[in-house]
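Residue numbers (full-length UniProt numbering), protein chains in the order written: chain R, 1 to 349; chain P, 1 to 349; chain W, 1 to 349. C-beta: ideal position from N, C-alpha, C; glycine also. Take a look at the structure below.
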Amino acid sequence: MFIRNTWYVAAWSHEVESEALFARVITGIPVLLYREEGGGVVALEDRCCHRGAPLSVGRREGDCVRCMYHGLKFDSTGTCVEAPAQQRIPPQAKVRTFPLVERHRWIWIWMGDPSLADPETIPDTHWLDDPQWRSLPGYIHYDVNYLLICDNLLDFSHLPFVHPTTLGGPEDYAKVQPKVERIDGGVRITRWTLNTDAPPFAAAVKNWPGKVDRWNIYDFTIPAILRMDSGMAPVGTGAQEGARVDAAEFRGCQALTPETENSTHYFFGHPHNFAIDQPDVTRAIHQAVVDAFDEDRDIITAQQKNLALDPGFRMMPFGIDAALSHFRWAVNQRLEEEKHQMLEAVQGA
Amino acid sequence: MFIRNTWYVAAWSHEVESEALFARVITGIPVLLYREEGGGVVALEDRCCHRGAPLSVGRREGDCVRCMYHGLKFDSTGTCVEAPAQQRIPPQAKVRTFPLVERHRWIWIWMGDPSLADPETIPDTHWLDDPQWRSLPGYIHYDVNYLLICDNLLDFSHLPFVHPTTLGGPEDYAKVQPKVERIDGGVRITRWTLNTDAPPFAAAVKNWPGKVDRWNIYDFTIPAILRMDSGMAPVGTGAQEGARVDAAEFRGCQALTPETENSTHYFFGHPHNFAIDQPDVTRAIHQAVVDAFDEDRDIITAQQKNLALDPGFRMMPFGIDAALSHFRWAVNQRLEEEKHQMLEAVQGA
Amino acid sequence: MFIRNTWYVAAWSHEVESEALFARVITGIPVLLYREEGGGVVALEDRCCHRGAPLSVGRREGDCVRCMYHGLKFDSTGTCVEAPAQQRIPPQAKVRTFPLVERHRWIWIWMGDPSLADPETIPDTHWLDDPQWRSLPGYIHYDVNYLLICDNLLDFSHLPFVHPTTLGGPEDYAKVQPKVERIDGGVRITRWTLNTDAPPFAAAVKNWPGKVDRWNIYDFTIPAILRMDSGMAPVGTGAQEGARVDAAEFRGCQALTPETENSTHYFFGHPHNFAIDQPDVTRAIHQAVVDAFDEDRDIITAQQKNLALDPGFRMMPFGIDAALSHFRWAVNQRLEEEKHQMLEAVQGA
């Protein structure tokens, strides 16, 4: 069961290029993405309304797609405009389309009621294509339910254990609980370390006058979008009060999109605003994130296998779970709301 | 759920040779086929009545088969005739047998009530071993439900799309609807193209005086047997009225046999009555059919995967579906009939 | 469904060595085995009580184990003794432990109520490390339910059929029914062949004055432990009355431990008391057993596949099934007993 009325990331812009037909299963529904000749991206259900064959193994004809099983042709509004040996096409011969917004290299898709799709509610991730920032596009595939990955991202204490040589840092890090606040549709986790040494990677790319103040601020919102503001500034320059003087900053953007109940698409970029003329630094940062995510995937996949052995296993909440517990609560709230709306719609009809 | 009281093709004759024990799952039931010393083929349930081990990994002993787990020996009527360390064999120690008819290189099997098995109802496929015709035996395995393949065979409009370079011909071909008629236990599809050019393959093997009349007549009957009469004759020689003067003819014979709910055996031959002294022509015709069937299998397997994502998907009927819709209706009629007969038998007992 | 209050073999001693964390699923429950610095072996549930991650991919810290997902640390009694960012550990933060006994190279585990775990009830298998006997440790994994392997072991008649060139001997062997007796928690099968020739392997390693008396005595007890006393002695030296004069003896020890409903761990050794200074003989005996077990696995796996095609298949009992029928009855009795005890415990609570 997935939240329907929300924006999911469907693809990186560069995944849907020129004439190609791009197929991806999103929240259990097969979706065909392609770019019209004018450059806009459209999304059709990747399942011909006639016998269910995937349109994505079909053929582009201008801005239309022809199913290569029996030759039905659909335009980019999903309307069947040609059927073999048939003059009159029945008006219900359509495949579903999905609202799409392409923004800052991500293609966002709305899997719910199209009339509710408001592009204003798409979270800001402009750092992904802002010329003052640099990042590389990341994608990995997980064979686990997306909520287990949310749990992982909403917990800082796993960093020194799962990522001892990558993101991790000393195990003492896990001993300080970050501040957790509810925000609209999600949770914010904040952690400050004041008057500390700059870590080696930061010392390598920037000359620091002395100690630094460091921060990590995660906004994690429905459906499963993480925007991370992290970085460091020379001590005493007012970072905690909002100033960002001579700071080295990251603005991580991550999006989890359920493929099925047991698999997930994971899109991520890790923009930084320092050393932006050094592609090696950008590549090194990206690679560090990829390495860390591989570590996460190992432990989460092992966890999912273990949970599958005993569907009755009850997780035991610890203090470190404040953020993820709140997020799971928020997700359940939304699922309940959508269930009620659907019941009302049915009763109203 | 499969029709039980009908003849299925179990194997090509040459698949069951000499001493070998040949195993095949048919409509979900494991079947052992072997040839008695007298040459006749018998079919036993491939599951020892004792502990369920497959007899097909057992040992021939004359016309008997010994289970190589515990040594029970069965004769070709399925009766246990020897059990280790036991003088008296209980009379219920039997494995099921199935009525078989070997005819024109195909071994037909009856999976239902043996008392209803009438060899007269086996469709005529004598072209498979008639000396005036030539063909090669074909077999492929599908990982889809057999009805999806029936759908495919009962639809001519997919030919130019799925088989553009093999069977297909121009896409205009799909624009003309063939004639569809109900016949006993199935459907006949007829298509004539009069006064047209002979296609390249036909021009290569035969000297045509001028234009030709071409036809395609499919008889598709329960359980899933296709007999195709196709060919061409010099224009105006009365082919459409039944004459076959100087004609180049094919008599395709195809049989689908469900293995399980999600897999199918496909037997086929494509006899032709021209160039019968040129094995190269026979091989080329056979290969063209094999290539085309590989194309079908690709799209049908993609379709099955797509349908599995949403068991609630409803196919939308188009004009081109007249034949397949009727055949599916005929199959459902027979399944209903068999259900009622079974209920009556239970109540009568 | 598995018997809970019984001793299963969890591992060979050498599988759990030095610092390593050893994971094995036993009766559907993931178990972590490791050796404390003092040398004793402990067993914890291999599933962190927090989020279910496997402890076996964690880290040894002295006699404790730290979960490498979020850093919870457990001592060898299963108590959580450290949790990141948390002073007070809730007392219910524990993982389950299992009683263990290491004896004669096998590590026995009790999956049921720990208060009932009585080491006195562990079957004697001292031949596995008695200096007067020699054997090699064996382990194979089966993808079948353990009861199908019990059936196999409790039946002598399959020997000449499944193992014609290894354990088997002439097919006449199957014609003599062994004696079957109920013993506490299982069944004993006894077979004597008096005044016969020593088989080739025995003639090769020992000088026999003439004919021999041979015996095979199996004790097969719950949960699925086979102790086999087999061998031969010079004819007329009173072997059948209990004397073992100048005998060549085997004391096979075999243990089946269910992994899941459809997979099984199989531990075995085949100690012999002759030619104990000839490692080649020990290796040859071991290899003969391994080869024979591979033959068993082939036929039992084929049987399991066949049974899976029709869950409604009813096995038909034959005379040769006396022993296995009794053992299956004994298993069902114990399962019933445990069900009643559990119901009473629930009602009493």
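The Cβ of residue 146 of chain P sits no closer than 9 Å to any Cβ of chain W. Going by DSSP, residue 179 of chain P is part of the beta strand (DSSP E) stretching over 179 to 183.
Taking a cut-off of 8 Å on C-beta distances, the region 96 to 109 of chain P does not touch the region 331 to 341 of chain W, as fewer than three cross pairs fall below it. Taking C-alpha positions only, residue 218 of chain R is separated from residue 189 of chain R by approximately 5 Å. Between residue 140 of chain P and residue 294 of chain P, the CB-CB gap stays under 9 Å. At a cut-off of 9 Å between beta carbons, residue 86 of chain W contacts chain R. Inter-residue distance for residue 239 of chain R and residue 230 of chain R is about 11 Å (C-alpha atoms, whole angstroms).
Put simply, the backbone Cα of residue 275 of chain R is about 30 Å away from that of residue 150 of chain R.
Secondary structure note for residue 278 of chain W: it is in no alpha helix (DSSP H), with a DSSP letter that is neither H nor E. Residues of chain P whose Cβ lies closer than 8 Å to the Cβ of residue 265 of chain R do not exist, since the nearest Cβ in that chain is about 15 Å away. The Cβ atoms of residue 112 of chain R and residue 24 of chain R lie no closer than 9 Å to each other.
Classified as buried, residue 306 of chain R has 16 or more neighbouring CB atoms from the shown chains inside 10 Å of its CB.
Taking 8 Å as the Cβ-Cβ cut-off, the region 22 to 42 of chain W approaches chain R at 25, 28, 29, 30, given in chain order.
Looking at the DSSP output, residue 232 of chain W bridges to W:214, W:248. Chain-order list of chain P residues neighbouring residue 306 of chain W: 30, 46, 47, 52, 53, 54, by C-beta distance under 8 Å. For residue 56 of chain W, the number of other beta carbons within 10 angstroms of its own is at least 16, and it is reported as buried.
In this structure, the beta-carbon distance from residue 303 of chain W to residue 148 of chain W falls below 9 Å.
Closer than 9 Å to the CB of residue 153 of chain W there is not a single CB belonging to chain P. CA-to-CA, the gap between residue 81 of chain R and residue 69 of chain R works out to about 16 Å. Bounds of the alpha helix (DSSP H) holding residue 201 of chain R are 200 to 205. Against chain P, the beta carbon of residue 292 of chain W has no neighbour under 9 Å; the closest one sits roughly 14 Å away. Residue 96 of chain R is positioned such that its CB atom lies no closer than 9 Å to that of residue 309 of chain P. Per DSSP, residue 80 of chain W is one residue of the beta strand (DSSP E) stretching across 80 to 82. Per DSSP, reduced to three states, the secondary structure at residue 48 of chain W is coil, with no helix or strand assignment.
The continuous alpha helix (DSSP H) containing residue 147 of chain P extends over residues 146 to 153.
Comparing alpha-carbon positions, the option among R:284, R:251, R:224, R:288 lying closest to residue 264 of chain R turns out to be R:224. The DSSP-derived three-state label of residue 294 of chain P is helix. Ranked by Cα distance from residue 180 of chain R, the options R:27, R:326, R:29 are led by R:326. Of all residues in the region 224 to 256 of chain W, none is placed with a Cβ closer than 7 Å to any Cβ belonging to chain P.
Taking one beta carbon from each stretch, the region 38 to 53 of chain R and the region 315 to 326 of chain P have 3 or more pairs nearer than 8 Å; the two touch.
The Cβ atoms of residue 208 of chain W and residue 191 of chain W lie no closer than 9 Å to each other. Looking at the backbone, the Cα of residue 221 of chain R and that of residue 16 of chain W are separated by about 45 Å. In its chain, beyond the 5 residues on either side, 198, 202, 212, 213, 214, 247, 248 have a beta carbon closer than 7 Å to the beta carbon of residue 232 of chain P. Taking 9 Å as the threshold, the shortest C-beta distance from residue 299 of chain R to chain W falls below it.
Partner residues in the beta bridge of residue 219 of chain R, as assigned by DSSP, are R:188, R:227.
Here DSSP, grouped into helix, strand and coil, assigns residue 319 of chain W to helix.
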